[in-house]
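Visitor: Encoded as structure tokens, here's the structure I'll be asking about.
Protein chains: 4
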Amino acid sequence: MNSFKVSDHLQILSTQATTSIKDVIAARGKPIWYQLYATNKFEVAKHHVQSAENQGATAVAITVDRSGGRNQETLARLQKTDTRQCSTCHDNSSLAASQRSKPMYEGVDLSGLTNIQSSAMSWDYAKRIRDATKMKVVLKGILAWEDAKIAAENGFDGIIVSNHGGRSDEAGRSTIESLQEIIEVSGSMPVLIDSGFRRGTDIVKALCMGAKGVAVGRPYLWGLGAFGQAGVERVLELLRTELRAAMQQAGAPTIKHLVPAMVKHV
Amino acid sequence: MNSFKVSDHLQILSTQATTSIKDVIAARGKPIWYQLYATNKFEVAKHHVQSAENQGATAVAITVDRSGGRNQETLARLQKTDTRQCSTCHDNSSLAASQRSKPMYEGVDLSGLTNIQSSAMSWDYAKRIRDATKMKVVLKGILAWEDAKIAAENGFDGIIVSNHGGRSDEAGRSTIESLQEIIEVSGSMPVLIDSGFRRGTDIVKALCMGAKGVAVGRPYLWGLGAFGQAGVERVLELLRTELRAAMQQAGAPTIKHLVPAMVKHV
Amino acid sequence: MNSFKVSDHLQILSTQATTSIKDVIAARGKPIWYQLYATNKFEVAKHHVQSAENQGATAVAITVDRSGGRNQETLARLQKTDTRQCSTCHDNSSLAASQRSKPMYEGVDLSGLTNIQSSAMSWDYAKRIRDATKMKVVLKGILAWEDAKIAAENGFDGIIVSNHGGRSDEAGRSTIESLQEIIEVSGSMPVLIDSGFRRGTDIVKALCMGAKGVAVGRPYLWGLGAFGQAGVERVLELLRTELRAAMQQAGAPTIKHLVPAMVKHV
Amino acid sequence: MNSFKVSDHLQILSTQATTSIKDVIAARGKPIWYQLYATNKFEVAKHHVQSAENQGATAVAITVDRSGGRNQETLARLQKTDTRQCSTCHDNSSLAASQRSKPMYEGVDLSGLTNIQSSAMSWDYAKRIRDATKMKVVLKGILAWEDAKIAAENGFDGIIVSNHGGRSDEAGRSTIESLQEIIEVSGSMPVLIDSGFRRGTDIVKALCMGAKGVAVGRPYLWGLGAFGQAGVERVLELLRTELRAAMQQAGAPTIKHLVPAMVKHV
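Listed in order, the protein sequences are those of chains A, B, C and D. Under the numbering used here, the first residue of the first sequence carries the number 3, and numbering increases by one thereafter. Under the numbering used here, the first residue of the second sequence carries the number 3, and numbering increases by one thereafter. Under the numbering used here, the first residue of the third sequence carries the number 3, and numbering increases by one thereafter. Under the numbering used here, the first residue of the fourth sequence carries the number 3, and numbering increases by one thereafter.
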């Protein structure tokens, strides 16, 4: 978490995190956003959102693109070659047991909950969550302009164009391919984007096209896995360095100078 | 065959099958379709179709895309490295001998038959077959919209867009590339599709585009080769799991909710 | 040469051939075409053409696409690893010496000739050659529709769309990419094609698009190198088999039934 | 330098060169161009330009596409495997020290200079440089037609379409992709091009599209690294040979005969 303090990057903390929102905010020295995985049980989602708000999160990003199960082939293949004892860290004897180490699930009534997928996402559900909080409400996982349009018309505070890094479905469109048509229908609603951003030169293109922000997931985790906090800081520094260089090459002194004409679709 | 019972998939049983139609229907517990390889001798085709009907098949899929011989290079290359005695299972001493183990050929007069390719396919021939049966008649192997149009205008009960898995000719178009223009001219005639479908994410796209069904050939045979009946069941289960996940990601609670706008052509 | 007799393929015999035109015609049992490499010296070209006519060739294909030298990198690289004595077969001590074993160069006055490239090709030169013979005159090596148009307007008997198998320049367009626009401007002038045709499925596409014939070079030479005459016969047989199969798949009983609608440009 | 004399190629000598402009001109026997890397300190740039003019350079190419730092990953990766002592040749103890062996930096006041990137490029800066010299002024590193248009409107003597060989930013467009739209807005201002030209067949395409000249960087350096001066001469000879062959294939007796119709965009 200190990495984000050093570099002033925003953190969107997941429901699955092993550190509480208030601890992350304390470490960062500034508020963060909260990423909700809303299950089919509205009461659980409501609990999560209100807890996040109470701990100081300023926005909730409702995950809407992890609704189905998936065929995790890489996991299935490599699990057999992993000789570590999974149970040392993960207690998967029950859903309740598997959530025990996650601060967001503390004190939550898990009865009636069969999985922690966002399996019951609907516009109605999203609105009910919005009604349950004073935080800004952002929809994370929009990929179709039709959905972006509905979000804008219904006054959501923003969307994150995302395909969950291709983890839910990698046979569809990439987010950068969808961005332009989404920007066109989103009006004044801020549009952020993630999935597949690995370089500053990737980031600069999305910003040129009108994204208000770009989020990354795997890059900083790779840094974390390799070098711990120093690795996270270095990854974020590389992204900033590359973004600054790309902006200079494009002749843009500030983010505001990045415009669509600087990107050519082929 | 039991695999298809377990998972409620339809079977289209080939003329070359080593199990009779009535036995497969008994194992499945429901009717199946019959896939006809019609030779140049109409009497043989007529015998096959009427036998299938008598055994309980509800539809005949007339193969129309295996009309020519082909240059089977992989077979020619690998045959030399196969040390098994072919004659243990296959008696290729004559065409009649090679058909002896196939129930559909029982009692068929093979005189005047030089091969079992669908070498004499014409619209007239297809209509004569239709006149010889009360089963639904489906044309399997349509790839050109011009042919789909003729099939619809002549009242055939359906078509299967297919290039025979690329086995007859792999230098032409893929079926998914042809599907849209075929759907456009097919009116109310049901359009099914096969060839190259390996994932639920492949299947969902064809269904979005308007296909009424998707057929697979090699995937379940790979399962069969590797694990027998369990392998077939697992392959079919994977396809269903992936299809369900892809539908949830697309936001479609049922097959009917899959629409063309969910697929983007690039 | 006997290979071409067996399979009734036309031979276009090069100026560089080591067998004379009349011997090839005798072996084939039918006339052949003559392929002219016209140098900067018109008298040599005239001699070649008249000799070909006298020996019984019915058409001359004037090579127009080998006008420049080229950077033969593969030759340069592999020559070093070839331990054979080149001089056993090739006497490259002088241009005259190197032509000594070629029947077409018998009795030709080579004075003033610096190379045997088609280095002086112009429309005027081609017309002078036409005036020197009663054979049909075909231009081999047209790749631009502008040139096809000029050829048609000037009454040449045909063209062969060719880039010399990519041997002169492989950074340009392929012949199949140029074919359609060339057909469009060629009117009644027959258009043949070569370069890159390796399969019957390649050939069928050019015929669908309107080519009157397809020529091959390397395929039969590969057969020759591997198995001698039997190899050439087998290669040609494969091409015929594949072409016939491709025609059947397309539903075309004869070459005349092959039409542009059977090919889709993507 | 003698290589350029032999083959009559123009040299554009960089500010970083280890040989002085007057020595290169003496070796070549003809004037050369000077390539300016203008720092944030205008006085340094002015000194460089006036010195180049005094030594006999006839044009200055202002580098405008190396404004930002970059993430030199290949360097970072391979540096660890290089066992040579860098300090034997390079004194990187200070910016001043690192410039000591470069003739163009002789007698330059480096105070206030933090790097030698072209970090402060603006239209105003470029015009001030123009005002400081009587040499022709060319902008090297234009990639957007918008910039080409401004250059033409402001009367610059020419531009070099360049992305610095992809060394500053390789995530953008290639120069050949930008060339056509740049030519269209450049009017009578000469347009040159570089970046990625490796073959005569590459060069011929740019010339067809309207470039007045093509520059290369890495090819002759590869020749230099492998065979010294002989390698440079051979590389340049190959480019000329290939260009001549490509022109002959295109049917163009001179550079002026190369026209846009000879290149097809796909």
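From the three backbone atoms N, C-alpha and C, an ideal C-beta is built for every residue, glycine too. On a predicted model such as this, the values are computed, not experimentally measured, just so you know.
Return yes when the Cβ of Ala-154(A) is within less than 8 Å of the Cβ of Ser-188(A), no when it is not.
Guide: Contact flag set, yes.
Visitor: Quick check on DSSP: helix, strand or coil for Thr-20(D)?
Guide: In this structure, Thr-20(D) counts as coil in the three-state DSSP scheme.
Visitor: Distance check for Arg-236(D) and Val-26(D), CA to CA, integer angstroms please.
Guide: Between Val-26(D) and Arg-236(D), the C-alpha separation is close to 19 Å.
Visitor: Does the pairing of the stretch 44 to 55 of chain B with the stretch 71 to 85 of chain B give three or more beta-carbon distances under 8 Å?
Guide: Because the criterion of three Cβ pairs below 8 Å is not met, the stretch 44 to 55 of chain B and the stretch 71 to 85 of chain B do not touch.
Visitor: Measure the beta-carbon distance from Gln-37(D) to Lys-136(D) and round it to whole angstroms, keeping in mind my assumption that it falls under 8 Å.
Guide: Wrong, their Cβ atoms sit about 18 Å apart, outside the cutoff.
Visitor: Helix, strand or coil for Gly-70(B) per DSSP?
Guide: Three-state result, Gly-70(B): coil.
Visitor: Do you know how far the Cα of Ala-61(D) is from the Cα of Tyr-222(C)?
Guide: So the two alpha carbons sit approximately 57 Å from each other.
Visitor: For Val-265(B), count neighbouring C-beta atoms within 10 Å of its own C-beta (all shown protein chains included) and say buried if the count is 16 or more, exposed if not.
Guide: Label assigned to Val-265(B): buried.
Visitor: In chain order, what residues of the same chain lie with their CB nearer than 7 Å to the CB of Arg-132(B), ignoring the 5 residues before and after it?
Guide: Hits under 7 Å: Val-139.
Visitor: Using a 10 Å radius around the Cβ and a threshold of 16 neighbouring Cβ atoms, would you call Cys-210(B) buried or exposed?
Guide: Counting Cβ neighbours within 10 Å, Cys-210(B) comes out buried, since at least 16 surround it.
Visitor: Going by alpha carbons, who is nearest to Gly-233(B) out of Arg-220(B), Leu-245(B), Glu-244(B)?
Guide: It is Arg-220(B) whose Cα lies nearest to the Cα of Gly-233(B).
Visitor: The stretch 108 to 123 of chain A: which residues have C-beta closer than 7 Å to a C-beta of chain G, in chain order?
Guide: The structure shown contains no chain G; its protein chains are A, B, C and D.
Visitor: Is Lys-104(C) closer than 8 Å to Ala-19(C) when the C-beta atoms are compared?
Guide: It is a contact, given that the beta carbons lie within the stated cut-off.
Visitor: Return the first residue and the last residue of the beta strand (DSSP E) that Gly-160(C) is part of.
Guide: Taken as a continuous stretch (DSSP letters only), the beta strand (DSSP E) holding Gly-160(C) covers 160 to 163.
Visitor: Within the 8 Å Cβ cut-off, does Ala-248(C) reach chain B?
Guide: Chain B contact via Cβ: present.
Visitor: May I have a chain-ordered list of the alpha helix (DSSP H) segments no shorter than 4 residues that lie completely inside the stretch 164 to 205 of chain A?
Guide: Segments of the alpha helix (DSSP H) lying fully in the stretch 164 to 205 of chain A: 177 to 188.
Visitor: How about Met-3(B): is its C-beta nearer than 8 Å to some C-beta of chain C?
Guide: Only weak support is given to the placement of Met-3(B): the predicted model assigns it a pLDDT of 49, under 50, and the value that follows is read from those uncertain coordinates. Not one chain C Cβ lies under 8 Å of Met-3(B).
Visitor: Using a cut-off of 9 Å between C-beta atoms, extract the partners of Asn-73(D) located in chain A.
Guide: Per Cβ cutoff of 9 Å: Arg-201, Gly-202, Leu-240, Thr-243, Glu-244, Ala-247.
Visitor: Out of Ala-134(D), Leu-238(D), Ile-34(D), which one is the CA nearest neighbour of Ser-16(D)?
Guide: Minimum Cα distance to Ser-16(D) is reached at Ile-34(D).
Visitor: When you compare the CB of Gly-70(B) with every CB in chain C, is at least one pair closer than 8 Å?
Guide: Closer than 8 Å: yes.
Visitor: Mind pulling the chain A residues with CB within less than 8 Å of Ile-251(B)?
Guide: Just to set this straight, residue 251(B) is Gln in the shown sequence, not Ile. Asp-67, Ser-69, Gly-70, Ser-170, Asp-171, Gly-174, listed in chain order.
Visitor: Answer yes or no: does any C-beta atom of chain B fall closer than 8 Å to that of Lys-266(C)?
Guide: At least one chain B Cβ lies under 8 Å of Lys-266(C).
Visitor: Which two residues bound the contiguous alpha helix (DSSP H) that contains Gln-2(B)?
Guide: Within the shown structure, residues of chain B are numbered from 3 to 268, placing residue 2(B) beyond reach of any answer.
Visitor: Roughly how many whole angstroms lie between the Cα atoms of Met-106(B) and Arg-200(C)?
Guide: Using only the alpha carbons, I get a separation of about 39 Å.
Visitor: May I ask you to report which of helix, strand or coil DSSP gives Gly-215(B)?
Guide: DSSP places Gly-215(B) in strand when its eight states are reduced to three.
Visitor: Distance check for Ser-100(D) and Cys-88(D), CA to CA, integer angstroms please.
Guide: Taking the straight line from one Cα to the other gives about 12 Å.
Visitor: How big is the Cα-Cα spacing for Gln-57(C) and Cys-91(C)?
Guide: One C-alpha to the other measures close to 26 Å.
Visitor: Only counting the same chain, and skipping five residues up and downstream in sequence, which positions put a Cβ closer than 6 Å to that of Ile-144(B)?
Guide: These residues qualify, in order along the chain: Ala-150, Ile-161, Val-163.
Visitor: Could you spell out where the alpha helix (DSSP H) holding Tyr-127(B) opens and where it closes?
Guide: Looking at the DSSP string, the run of the alpha helix (DSSP H) that includes Tyr-127(B) is 125 to 133.
Visitor: Inspect the beta-carbon positions of Arg-72(B) and Ala-247(C) and report whether they are closer than 8 Å.
Guide: Taking 8 Å as the Cβ cut-off, Arg-72(B) and Ala-247(C) qualify as a contacting pair.
Visitor: With contact counted as at least three CB pairs below 8 Å, one residue from each stretch, are the stretch 251 to 267 of chain A and the stretch 108 to 120 of chain B in contact?
Guide: No contact exists between the stretch 251 to 267 of chain A and the stretch 108 to 120 of chain B.
Visitor: Run the CB neighbour count on Gln-231(A), radius 10 Å, all protein chains shown included, and call it buried at 16 or more, exposed below.
Guide: By the neighbour-count rule (16 or more Cβ atoms within 10 Å), Gln-231(A) is not buried but exposed.
Visitor: Nearest by alpha-carbon distance to Ile-152(C): which of Asp-171(C), Glu-186(C), Glu-179(C), Arg-169(C) is it?
Guide: Comparing Cα-Cα distances from Ile-152(C) to each of Asp-171(C), Glu-186(C), Glu-179(C), Arg-169(C), the minimum goes to Glu-186(C).
Visitor: Ala-98(B): which of Tyr-127(B), Lys-214(B), Leu-115(B), Arg-86(B) sits nearest, CA to CA?
Guide: Out of Tyr-127(B), Lys-214(B), Leu-115(B), Arg-86(B), Leu-115(B) has the C-alpha closest to the C-alpha of Ala-98(B).
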